[in-house]
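**Student:** Chains A and B, in that order, are what the protein sequence lines are. If you use the numbering used here, the first sequence corresponds to residues 64 to 244, in order. If you use the numbering used here, the second sequence corresponds to residues 34 to 259, in order. Shown below is the structure under consideration.
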Amino acid sequence: MNSKKDSLGFYEFVLPIISVVETLDSFVVRHYTEVNANEAEASDSIILSGTPLKDNATLNQTDKFGWMKNCSKPILGICAGMQTIGLIFGSKLTKCLGMGMTKVSTIVENPLFSSTFQAYSLHNYSVVPSVEFEVIAESNQCSQAIKHRQRNIYGILFHPEVRNHEILQRFVYTISKHRRV
Amino acid sequence: MKLGVLYSGGKDSSLALHIAAAHETVACLVTVVSKNKESYMFHTPNIDLTGLQAEALKLPLVKKLTEGKKETELKDLELAIIDAMNLFGIEGLVTGAVESVYQSTRIQSICHRLDIWCLNPLWKKNQRNLLETLIEKRFKAIISGVFAYPLDESWLGKEINADLITRLIKLEKEFGISPSGEGGEIETTVLDAPLFKKRIEILETSIEAKGNSGVYNVTKARLVPK
Chain A
64 MNSKKDSLGF
74 YEFVLPIISV
84 VETLDSFVVR
94 HYTEVNANEA
104 EASDSIILSG
114 TPLKDNATLN
124 QTDKFGWMKN
134 CSKPILGICA
144 GMQTIGLIFG
154 SKLTKCLGMG
164 MTKVSTIVEN
174 PLFSSTFQAY
184 SLHNYSVVPS
194 VEFEVIAESN
204 QCSQAIKHRQ
214 RNIYGILFHP
224 EVRNHEILQR
234 FVYTISKHRR
244 V
Chain B
34 MKLGVLYSGG
44 KDSSLALHIA
54 AAHETVACLV
64 TVVSKNKESY
74 MFHTPNIDLT
84 GLQAEALKLP
94 LVKKLTEGKK
104 ETELKDLELA
114 IIDAMNLFGI
124 EGLVTGAVES
134 VYQSTRIQSI
144 CHRLDIWCLN
154 PLWKKNQRNL
164 LETLIEKRFK
174 AIISGVFAYP
184 LDESWLGKEI
194 NADLITRLIK
204 LEKEFGISPS
214 GEGGEIETTV
224 LDAPLFKKRI
234 EILETSIEAK
244 GNSGVYNVTK
254 ARLVPK
């Protein structure tokens, strides 16, 4: 999700996700400009990573994510990934600066997390969801997670690859039913 | 993009510099020297060696002295970054943050205020893998500080090599010590790295040690051909 393919953001926002899900039997990493509808549909599930705070390139390139509209596979967007999902489905972004540990409260029961917990934040914007989505977690500032009402599409504003690894693991092993190695 | 690297001369900031330089232009190093030995942000043994390390790297060094009081030291870091922006036109700051949300959040906050990029290429990197990368890339780093049981004076000055990593991993299993010193258990000093044009030769040292705490001060050193 970093603006450049050869970006330093890869080390900070993609490698930590890989280290959490590396027990998957297989996975591929693609820059967002390289994903097409056929490849997305052939995957078991898709994770959209976050980006550095200054990197908002994907928010101006929603045309690169057209595959998401009709993709039947589970999708999880983290931070900029959630913001991008929001825009694809007609939601609005709202200014919400978050840096560091944040108290997140679950407001709709879901398979990824429950109750109230501390999470690591690094974001400029949150999402005010369109009617297709519902807010499933919030902080005292803004929406922290959204879910599509009919499909397995989730957006999480905080970073589960930094704290709360089990959320990523539940997405890949429970929702997406990936096999471990 | 022109970047500054927050540089202490230890293994993490040196490896972060190495990775950053492979992707972007590193225009300068930024070092904050804290007078406060208890500083959570900046205290590092041999911080004065950064001048020689910068010379070895052929990179300019922006150096700022701070009293090391909790809030003013962050203001001093911000002033150092502003100097680096004015002098070298940096558009972003690279740090060697690996685990510390405390440190990285404070630096992210400063970068956000100054409207520059904050990049942390070692973020959440596996600690054993981090140490092994140093060997693989032929960094020469020594232990210059120990601050936790059962580490002691005998570890000071030792080079990070495969044998030392094995011993540190053993201590992790037995005593919960972070093998790369993420909890402040260990500090390191880099004497040679792939980007060094010359290596550092130590001429004189002094050791201050008591029980499970000790520092290996390099009091005299010079650059020599590699």
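Glycine is no exception: its CB is placed at the ideal position from the N, C-alpha and C atoms.
So is Leu185 (chain A) in contact with chain B if we call contact Cβ pairs under 8 Å?
**Tutor:** Interface residue, yes.
**Student:** With a threshold of 8 Å between beta carbons, is Ala53 (chain B) in contact with chain A?
**Tutor:** True, the Cβ-Cβ gap to chain A drops below 8 Å.
**Student:** Between which two residues does the alpha helix (DSSP H) harbouring Arg233 (chain A) extend?
**Tutor:** Segment His228 to Arg233, the alpha helix (DSSP H) holding Arg233 (chain A).
**Student:** Shortest alpha-carbon distance to Gly43 (chain B) belongs to which of B:Glu88, B:Ser72, B:Asn79 and B:Lys70?
**Tutor:** Cα-wise, what sits closest to Gly43 (chain B) is B:Asn79.
**Student:** Report the start-end ranges of each alpha helix (DSSP H) in the stretch 173-225 of chain A that is 4 residues or longer and not cut off at the edges.
**Tutor:** Complete alpha helix (DSSP H) runs here, min 4: none at all.
**Student:** For Leu236 (chain B), collect the residues of the same chain with a Cβ closer than 7 Å to its Cβ; drop the 5 residues on either side in sequence, then sort them by chain order.
**Tutor:** These residues qualify, in order along the chain: Lys253, Ala254 and Arg255.
**Student:** With DSSP as the reference, please indicate the residues paired to Val65 (chain B) in a beta bridge.
**Tutor:** Looking at the DSSP assignment, Val65 (chain B) forms a beta bridge with B:Lys97.
**Student:** With a cut-off of 8 Å, does the C-beta of Glu57 (chain B) fall near any C-beta of chain A?
**Tutor:** Yes, its Cβ sits closer than 8 Å to a Cβ of chain A.
**Student:** Going along the chain, which residues of its own chain have a beta-carbon closer than 8 Å to the beta-carbon of Ile80 (chain A), five neighbours each way excluded?
**Tutor:** Closer than 8 Å at Cβ, skipping near neighbours: Ile110, Ser112, Ile141, Glu224 and Leu231.
**Student:** For Leu120 (chain B), count neighbouring C-beta atoms within 10 Å of its own C-beta (all shown protein chains included) and say buried if the count is 16 or more, exposed if not.
**Tutor:** Counting Cβ neighbours within 10 Å, Leu120 (chain B) comes out exposed, since fewer than 16 surround it.
**Student:** Between B:Gly244, B:Gln86 and B:Pro183, which has its C-alpha nearest Glu234 (chain B)'s C-alpha?
**Tutor:** When each option's Cα is compared against that of Glu234 (chain B), the closest is B:Gln86.
**Student:** Identify every residue that forms a DSSP beta bridge with Leu82 (chain B).
**Tutor:** Paired residue(s): none; Leu82 (chain B) is not in a bridge.
**Student:** Please give me, in chain order, every unbroken run of the beta strand (DSSP E) with length at least 3 that falls completely inside the stretch 150-198 of chain B.
**Tutor:** Counting whole runs of 3 or more residues, the stretch 150-198 of chain B contains the beta strand (DSSP E) stretches 150-152 and 173-179.
**Student:** Can you tell me where the beta strand (DSSP E) with Tyr249 (chain B) in it begins and where it stops?
**Tutor:** First-last of the beta strand (DSSP E) with Tyr249 (chain B): Ser246 to Pro258.
**Student:** Among residues of its own chain, excluding the 5 on either side of Arg226 (chain A), which ones have a beta-carbon nearer than 8 Å to its beta-carbon?
**Tutor:** Excluding residues within five positions, the ones whose Cβ falls inside 8 Å are Met164, Gln181, Ala182 and Tyr183.
**Student:** Count the CB pairs spanning the stretch 114-132 of chain B and the stretch 94-105 of chain B that are closer than 8 Å, and state whether there are at least three.
**Tutor:** Cβ pair count under 8 Å is three or more, so yes.
**Student:** Could you confirm whether any beta carbon from chain A is found closer than 8 Å to the beta carbon of Lys157 (chain B)?
**Tutor:** Yes - at least one Cβ of chain A is within 8 Å of the one on Lys157 (chain B).
**Student:** Under 7 Å Cβ to Cβ from Thr237 (chain A), same chain only, skipping five residues before and after it: list those, please.
**Tutor:** Pro174.
**Student:** Alpha carbons only, please: which of B:Lys231, B:Gly247, B:Asn250 and B:Ser239 is nearest the one belonging to Lys259 (chain B)?
**Tutor:** The option with the nearest alpha carbon to Lys259 (chain B) is B:Lys231.
**Student:** In the DSSP assignment, what are the bridge partners of Arg139 (chain B)?
**Tutor:** Paired residues: none, contrary to the question.
**Student:** By DSSP, does Arg93 (chain A) sit in helix, in strand, or in coil?
**Tutor:** Arg93 (chain A) falls in the coil class under three-state DSSP.
**Student:** Helix, strand or coil for Lys158 (chain A), going by three-state DSSP, please let me know.
**Tutor:** If DSSP states are grouped into helix, strand and coil, Lys158 (chain A) belongs with the strands.
**Student:** Closer than 7 Å, Cβ to Cβ, to anything on chain A: give me those residues from the stretch 134-148 of chain B, in chain order.
**Tutor:** Within the stretch 134-148 of chain B, the qualifying residues are Val134, Thr138, Gln141, Ser142 and His145.
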